[in-house]
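Heads up: the structure comes next, in structure tokens.
2 protein chains.
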Amino acid sequence: MRFSVLILGNSSATPMYERHPTSQVVNHNEQLYLIDCGEGTQMQLTRYGIKSNRINHIFISHLHGDHYLGLVGLISSMHLMGRKTDLHLYGPAPLEEILALNFKYSETELRYNLIFHPTNPTETAVLFESKLLRVESFPLRHRIACTGFRFQEGERPAKLDIDKVAKLQIPPALINGIKWGLDFTDKDGKVHPSSELTTPAPLPRSYAYCSDTVRIPDYLPSIHRANLLYHESTFLHEMKDRAVETFHTTSFEAGEIAKEAEVGHLLLGHYSARYKTKELTLLLDEARSAFPHTDLSVEGKWYEVE
Amino acid sequence: MRFSVLILGNSSATPMYERHPTSQVVNHNEQLYLIDCGEGTQMQLTRYGIKSNRINHIFISHLHGDHYLGLVGLISSMHLMGRKTDLHLYGPAPLEEILALNFKYSETELRYNLIFHPTNPTETAVLFESKLLRVESFPLRHRIACTGFRFQEGERPAKLDIDKVAKLQIPPALINGIKWGLDFTDKDGKVHPSSELTTPAPLPRSYAYCSDTVRIPDYLPSIHRANLLYHESTFLHEMKDRAVETFHTTSFEAGEIAKEAEVGHLLLGHYSARYKTKELTLLLDEARSAFPHTDLSVEGKWYEVE
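Line by line, the protein sequences are chains A and B.
Per this note's numbering: the first sequence ends with 306, consecutive numbering throughout.
Per this note's numbering: the second sequence ends with 1306, consecutive numbering throughout.
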């Protein structure tokens, strides 16, 4: 079952040429979820071959422009392209007012339902839950209200032993039940336990997203043991004072946070425009000194949650 | 004296990969003016080497997203980059409310003065006037209130006859006055009329911008004899009904309008996403059948007003 993340933008507040404001796509089991929607997100989606109408859930962390200014354009384009499917939007409560004001003056009446779910800036909350996936928000600490997000898989089905299924001539209609733990009774009345027809389910995976925040221990439980953590890393640690002043994190701190939270893999992003693209390896080296399994996020690249 | 226009975006409502929402830069005498500011304008400015802090006047035609959604991002980035100079913004009155709401929730307090000038959607009005340039707005007819803009040069100074200036040893301090019509009295008391020391001033030039509008005769006087006219050309004429329904113009109509207004040169833009880039020549051919001196606007290209 696919679980991966496409980086559309990894720049901090001021975009640079070919470094875009924050946005990313999570693909879980071929369902697409958008996290943050900085200016230009709809063009980035087109560039990387993502059909925006496949996105049914959008999560906005906070109301700094580099995280939401692409939203009115994206929602409008979905409308112009004939979308009919409901779109669920999760974000800070005032976002609804901002959207309404733009649509009022452009006289836009969406042809689909835009269902807004305000996020809770002070407590962890479940935003979305299906059998396969649960999305939670949790408070970060930034200059304004901001939440992170955790995409947590539910229990996964066991893997079938194909040879045994063929040998026992198990009808296709029963397969799914067996993967989820039902036993199979053959035509002679013999019971074959699910556990004998399958290998154990893989562990549920999770992806955690933290941007923007100053380093605080409060959100460590929310990202604990995530297989993949995207964490902002705006500055080098020599800019620690500036990071605290602007409620951001240094790359060394991002590494320490990944270590403390025992995550599997750390992805850095939200780079300050002060660093040229070739200088980003400085951020990477610093984070790796605290947490070796770290990579720089690169726009246009998919990262597996594993 | 330089007078030219850089196209940053020429797509209609739905952007395409490498065709951006509407925005353009007018350079008159090395002063930069921005017309419209679709999503991604700040990135397009960077891409084409325009320092946004050189822009002191921004003109917004109307409040459809593809003409203003890049504004909050651009204004914020100017702030983050330390701008101190006043910025004058001209556009529909509700734009001020939209900006204020965004800045309220992002808790942005601009470090420079943003001076908002609401445009008049029903009458021609002078927005800005200096000795060298006057910018007027005039009503267009679109689904919502919309104005075009005319950049009109003032009287231009006469051109000096360099040889005569050298021969008469005219002091540099007097040169500018002579170009503007003052006579020169030499040390023997002989008067040399300005007209003998100069060749006549070139005619004042003008640039007119019309996007978005359905074809109506009302605005023809406002674009009359513009040296360069940028006119929207959303559809081929076979889509005339759709153009009327959506308050847009066909390319054949744009050509006819250019002819009726006796402009010097027509530039097409605001192309519908239904036309692939290689199909835009169909729009061009159609406009040229009515007005031969027509070109397709191309993003990243400067067009002279001459």
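By construction, the Cβ of each residue, glycine as well, lies at the ideal position given by its N, Cα and C atoms.
Small disclaimer: the values here were computed from a predicted structure and weren't measured.
For residue i, list the residues DSSP reports as bridge partners.
{"i": "residue 209/A", "result": "149/A and 230/A"}
{"i": "residue 1023/B", "result": "1009/B and 1037/B"}
{"i": "residue 269/A", "result": "232/A"}
{"i": "residue 16/A", "result": "19/A"}
{"i": "residue 1304/B", "result": "1004/B"}
{"i": "residue 1084/B", "result": "Answer is none; residue 1084/B lacks a bridge partner."}
{"i": "residue 1051/B", "result": "Paired residue(s): none; residue 1051/B is not in a bridge."}
{"i": "residue 1185/B", "result": "1191/B"}
{"i": "residue 58/A", "result": "34/A and 89/A"}
{"i": "residue 1160/B", "result": "1198/B"}
{"i": "residue 28/A", "result": "3/A and 31/A"}
Closer than 7 Å by beta-carbon distance: list the chain B residues that pair up with residue i, in chain order.
{"i": "residue 72/A", "result": "1065 and 1069"}
Run through chain A and tell me which residues come within less than 9 Å of residue i, C-beta to C-beta.
{"i": "residue 1144/B", "result": "105, 106 and 107"}
{"i": "residue 1097/B", "result": "101 and 105"}
{"i": "residue 1239/B", "result": "Within chain A, no residue comes near residue 1239/B; the closest Cβ sits about 15 Å away, beyond 9 Å."}
Find the nearest neighbour of residue i within the set the options, judged by alpha-carbon distance.
{"i": "residue 33/A", "options": "16/A, 4/A and 18/A", "result": "4/A"}
{"i": "residue 132/A", "options": "58/A, 27/A, 69/A and 283/A", "result": "27/A"}
{"i": "residue 173/A", "options": "163/A, 167/A, 184/A and 164/A", "result": "184/A"}
{"i": "residue 213/A", "options": "221/A, 37/A, 148/A and 18/A", "result": "148/A"}
{"i": "residue 192/A", "options": "203/A, 91/A, 177/A and 67/A", "result": "177/A"}
{"i": "residue 1116/B", "options": "1090/B, 1153/B and 1281/B", "result": "1090/B"}
{"i": "residue 1063/B", "options": "263/A, 48/A, 101/A and 152/A", "result": "101/A"}
{"i": "residue 1119/B", "options": "1107/B, 1140/B and 1093/B", "result": "1093/B"}
{"i": "residue 55/A", "options": "39/A, 79/A and 66/A", "result": "79/A"}
{"i": "residue 244/A", "options": "143/A, 197/A and 9/A", "result": "143/A"}
{"i": "residue 1199/B", "options": "1002/B, 1162/B, 1237/B and 1186/B", "result": "1162/B"}
{"i": "residue 225/A", "options": "260/A, 141/A, 11/A and 187/A", "result": "260/A"}
{"i": "residue 1155/B", "options": "1182/B, 1129/B, 1203/B and 1284/B", "result": "1203/B"}
{"i": "residue 1141/B", "options": "1095/B, 1121/B, 1238/B and 1233/B", "result": "1121/B"}
{"i": "residue 1282/B", "options": "1249/B, 1237/B and 1167/B", "result": "1237/B"}
{"i": "residue 1239/B", "options": "1248/B, 1164/B and 1232/B", "result": "1248/B"}
{"i": "residue 165/A", "options": "145/A, 197/A, 182/A and 250/A", "result": "197/A"}
Less than 9 Å between the C-beta atoms of residue i and residue j, yes or no?
{"i": "residue 1013/B", "j": "residue 52/A", "result": "no"}
{"i": "residue 246/A", "j": "residue 268/A", "result": "no"}
{"i": "residue 35/A", "j": "residue 209/A", "result": "yes"}
{"i": "residue 1023/B", "j": "residue 1044/B", "result": "yes"}
{"i": "residue 1235/B", "j": "residue 1258/B", "result": "no"}
{"i": "residue 1042/B", "j": "residue 1074/B", "result": "yes"}
{"i": "residue 1114/B", "j": "residue 1087/B", "result": "yes"}
{"i": "residue 1207/B", "j": "residue 1252/B", "result": "no"}
{"i": "residue 1299/B", "j": "residue 1019/B", "result": "yes"}
{"i": "residue 1266/B", "j": "residue 1220/B", "result": "no"}
{"i": "residue 305/A", "j": "residue 242/A", "result": "no"}
{"i": "residue 1057/B", "j": "residue 1211/B", "result": "no"}
{"i": "residue 1287/B", "j": "residue 1016/B", "result": "no"}
{"i": "residue 180/A", "j": "residue 194/A", "result": "yes"}
{"i": "residue 1049/B", "j": "residue 106/A", "result": "no"}
{"i": "residue 158/A", "j": "residue 125/A", "result": "no"}
{"i": "residue 1099/B", "j": "residue 1135/B", "result": "no"}
{"i": "residue 1011/B", "j": "residue 1138/B", "result": "no"}
{"i": "residue 264/A", "j": "residue 227/A", "result": "yes"}
Along chain A, which residues have their Cβ under 7 Å away from the Cβ of residue i?
{"i": "residue 1080/B", "result": "13 and 14"}
Quick one: list the residues of chain A neighbouring residue i, beta-carbon separation under 8 Å, in chain order.
{"i": "residue 1046/B", "result": "15, 16 and 17"}
{"i": "residue 1042/B", "result": "15 and 39"}
Using a Cβ cut-off of 9 Å, pull out every chain B residue sitting near residue i, in sequence order please.
{"i": "residue 94/A", "result": "1101, 1104 and 1105"}
{"i": "residue 269/A", "result": "In chain order: nothing, as chain B lies at least about 18 Å away."}
{"i": "residue 76/A", "result": "1013, 1014, 1064, 1065, 1066 and 1069"}
TODO: Any chance you could list the beta strand (DSSP E) runs of at least 3 consecutive residues sitting entirely within the region 1087-1148 of chain B, in chain order?
DONE: 1087-1091, 1114-1118, 1125-1129 and 1133-1139
Task: Every unbroken alpha helix (DSSP H) inside the region 233-299 of chain A [4 residues or more] - done: 240-245, 251-260 and 280-290
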